[in-house]
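Heads up, the thing below is written out as structure tokens.
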Amino acid sequence: MGKNIFLRALGISFFTAICYGCSNSLDMPDADADRTLELRISSGLNPASRTVLPGANNVQHVTKVALYLFKHTLAEDTLGASFVGMMTFDQVNWQQAIDAASTTGASTQRQAVKIPKEWIPEEDRDSWFTFLAIGSDETDKSLNSTKTYGLEPSANGKTLGDFYAELQTSCTMNDIHQSELFAGTLTLKGAQVNSSTVINLYRRVAGVKGYFRRIPDQLNGVEVASVRVVYWNKQLTAVPFFKRYPKDGIFCDYDCRNTLPSTSAIPDKGEKFPDEALEACTYFTIPKDSFPQSIKNYATAGSYVLPAPGAVGSENATLYVLLMSADGTVLDKRRVFFKSSYATRSLTRSATDQGTGIIEGQPGDENELNRQRRYPIIANNFYSIGTADEPIDLSTGETEVNLYVDPTWEGYHEWSEIISVTE
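For the sequence shown, position 325 (counting from the first letter as 1) is numbered 325 according to the UniProt record's numbering, and the numbering increases by one without interruption.
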């Protein structure tokens, strides 16, 4: 039985001081450039933990950066900003900085970038601009976030509000579940762009992980073939690059372009879950051959997921843990209830309301119970179903399990091994 590996590594914040050029290299700017800006990546003084993607070179988590410039008339009209230009860095090499961050907790790497004069001409110095920086990982040539989301070489003809990362038709939900994605924006006037201009990049995905022990071999005489953690409905397959802030207290930082369902897609116990619908809802699976063989052990799995709204309905929860038979029958069904922040789970509920990442004001949320079961899935938050110290015991007849949310990814452990068993 292999031990789960824990890794404290580079923090999730990237600092990108950006101006856009037309080059695919990171050479020093020519002398005739009117402004020189800085592309900077930093782990900060207190880096959060992060996942490591599979592969031999899995410590590097950003290998490509795309930088975009959008222009708008009013400062607040960021979503309506029109595309000006973009540049990409295809040979980003931040290996050394990441390794240093793993050991020292602080590392910064900087490279100068030039802006073409025509991007922000003199007459536009008082105009408003929004910069967008997108970070992706191309370490694995067959499975990477650039391929998964089809990150475009150009946003020509699009407004910033129209710019989304979208799952490509050649990819599956499994590609999303293993793909890093970062983005950040900064709005300022043309005259304010200078060498100290900095953009913070954050994950545009969330993380969900589960810890389970004493998984039954059978229920009511039927063999348990797998444990699945599922979203209450079909998962979303796109996310806006520009972060959407709550409106009237309602969470809306997800793909809102389509009408969302009002009923749960999760069958009741004893009913079959059609294969296509099951895969569309599944965040991750623990197959039977990965069940722990001792009551002292636990099995764990996790995935990246796109942000999504909380469940609606009087009995529904956002997440469920399902015990499934080989023919797709739901043998057991448990709602996942939010309990507290990961770091402060031993404190009282009132002490954890702030900073948990749980947004108040979800439609229909009328009391604390609703808050606990109808939480949104928020980008750059880590959702832990149980913990390594307190794995969920699936041998009991309980219908609820505990969820801890970490909005800063502190205490976040590696999930590069999608299934692992600890002693």
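For glycine and all other residues, C-beta sits at the position ideal for the given N, C-alpha and C.
All values reported here derive from a predicted model rather than from experimental measurement.
I'd like to check one pair, residue j with residue i: are the Cβ atoms closer than 8 Å?
i           : j    : result
T78         : L160 : yes
residue 428 : I134 : In the structure as shown, the chain begins at 1 and stops at 423. Residue 428 is therefore absent and cannot be evaluated.
F70         : A81  : yes
T285        : K209 : no
A183        : L132 : yes
A165        : V65  : no
W128        : T73  : yes
T318        : R373 : yes
G221        : S264 : no
residue 424 : K288 : There is no way to answer for residue 424, as the model of the chain reaches only from 1 to 423.
K158        : F251 : no
residue 435 : G207 : Coverage of the chain is limited to positions 1 through 423, which leaves residue 435 absent and any answer about it impossible.
For residue i, tell me which candidate among the options has the shortest Cα-Cα distance.
i    : options                   : result
T139 : V208, S179 and T300       : S179
D175 : S145, C281 and R214       : S145
T237 : Y254, P246, V222 and Y245 : Y254
E122 : M87, A191 and I385        : A191
Y202 : T282, N381, T259 and G386 : N381
K114 : N220, G313, N194 and C252 : N194
E76  : S384, K189, Q235 and P116 : K189
L186 : Y68, R257 and K117        : Y68
Q293 : P216, M173, N156 and T387 : P216
Taking the straight line between their C-alpha atoms, what separation do you get for residue i and residue j?
i           : j    : result
E276        : S325 : 16 Å
L403        : V205 : 18 Å
F212        : V305 : 20 Å
L394        : S136 : 37 Å
T130        : T148 : 25 Å
T63         : Y245 : 28 Å
Y298        : F291 : 8 Å
I295        : R214 : 6 Å
residue 437 : G85  : Shown here, the chain extends from 1 to 423; a query on residue 437 therefore has no answer.
P261        : Q218 : 33 Å
I266        : W232 : 6 Å
P391        : S303 : 17 Å
T259        : I385 : 28 Å
A280        : F163 : 24 Å
K234        : M87  : 35 Å
C256        : F338 : 24 Å
L278        : D126 : 52 Å
N316        : T282 : 16 Å
D124        : L322 : 57 Å
L347        : D248 : For L347, the predicted structure reports a pLDDT of 40, less than 50, and the residue's modelled location is therefore unreliable. A value from the coordinates is still provided. Each residue's Cα considered, the two are about 29 Å apart.
D389        : D327 : 33 Å
H413        : T387 : Residue placement at H413 is flagged as unreliable, the pLDDT there being 37, under the threshold of 50; a coordinate-derived value is accordingly withheld.
N156        : P116 : 17 Å
residue 443 : M173 : Here the chain comprises residues numbered 1 to 423, so residue 443 is not present and cannot be evaluated.
Tell me, which residues are paired with residue i by DSSP?
i           : result
T237        : DSSP lists no partner for T237.
residue 425 : It is not possible to answer for residue 425, since the shown part of the chain is limited to 1 through 423.
T88         : A66
W128        : H72 and K189
S303        : V208
I392        : F212
T159        : S82
Would you please verify whether the beta carbon of residue i is less than 8 Å from any beta carbon of chain B?
i    : result
C281 : The structure shown has no chain B; it contains just one protein chain.
Does the region 398-407 come close enough to the region 326-335 to have 3 or more Cβ pairs within less than 8 Å? yes
Are three or more beta carbon pairs between the region 211-230 and the region 165-175 nearer than 8 Å? no
When you compare the region 269-278 with the region 184-204, are there three or more beta-carbon pairs, one atom per stretch, that lie closer than 8 Å? no
Using 8 Å as the threshold, is the region 296-313 in touch with the region 367-381, meaning 3 or more CB pairs across them? In short, these stretches touch, since the Cβ pair count reaches three.
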